[in-house]
DNA sequence: AAGCGTTATTTCCTAACAAATATAACGCTG
DNA sequence: CAGCGTTATATTTGTTAGGAAATAACGCTT
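Protein chains in written order, with the working numbering: chain A, -5 to 106; chain B, -5 to 106.
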């Protein structure tokens, strides 16, 4: 019997979810591609879904997380801010810490 | 901006989920009511859904977690085993520990 | 002014999920 | 042996989430 403890964490702002694993993945993809549509495609996610996620993130904070621009040089694009990058780092650090904690607890289940 | 870090944990056995918050709630309700149908009703859950959850739990372990009996004295019933009770306790203890850990990490987000 | 690559938004459709309903089986009780 | 309260399971219906596609708007470039 190979037990595993898994977890999902997310951050809520004013009672609605604002940052979770999916959103973090998307933010990182935007940072790599420079565009929301390309990021969505790289994650095999519909543009609509990606846009909704980003819209919800942007509405949740006062400091901007990503800056969208429409029209212009290359048709527009999306850029991750320093604040957004810091959020991602903090999230992943906390998430890893959570996983580490749960690993230490696993024997409590196995030993029953 | 009032941030909160939330989490869900669950235990997997052989790559499929075996115990999570919903199942724990259901197991506790069964322990209180002595019947799957009453437990489902008390949680405002359909009998079918409750049955599927319990069936999946029972198929995931060698030691029985709940014992179902059909027909007989009061038409049948469901009973939580000592092993099941121990599982619930361990789960809730670990879950609380996870929440406590996440609370200590919250300032990393707030201070960005 | 036309063309482009993007963001932004609506509408429509479908597929997965959930709920409701129906039916059967079971084993004690009287 | 009929009645009961349960577990067990299939079928049908309803609902909601999500994808697909179409359209518009935007602002640089040429």
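Quick reminder that beta carbons are idealized off the backbone N, C-alpha and C, glycines included.
For clarity, every value in this text was computed on a predicted model and none was experimentally measured.
For the stretch 90 to 105 of chain A, residues whose beta-carbon sits nearer than 8 angstroms to a beta-carbon of chain B comprise 91, 92, 95, 96, 99, 102 and 103. Neighbours of residue 4 of chain A in chain B, taken as residues whose beta carbon is under 8 angstroms from its own, are -1, 0 and 1 in chain order. For residue 74 of chain B, no Cβ of chain A is located within less than 8 angstroms of the residue's own Cβ.
No Cβ-Cβ contact shorter than 8 angstroms links residue 13 of chain B with residue 62 of chain B. Under a criterion of Cβ atoms nearer than 7 angstroms, no residue of chain A is adjacent to residue 49 of chain B; the nearest Cβ is some 18 angstroms distant.
Taking 8 angstroms as the cut-off, the Cβ atoms of residue 24 of chain B and residue 72 of chain B count as close. Beta-bridge analysis with DSSP links residue 36 of chain B to no other residue. At least one C-beta of chain B is nearer than 8 angstroms to the C-beta of residue 81 of chain A.
At a cut-off of 8 angstroms between beta carbons, residue 34 of chain A makes no contact with chain B.
In this structure residue 93 of chain B is exposed. Its beta-carbon is surrounded by fewer than 16 other beta-carbon atoms within 10 angstroms. With fewer than 16 other CB atoms across the displayed protein chains lying within 10 angstroms of its CB, residue 65 of chain A is exposed.
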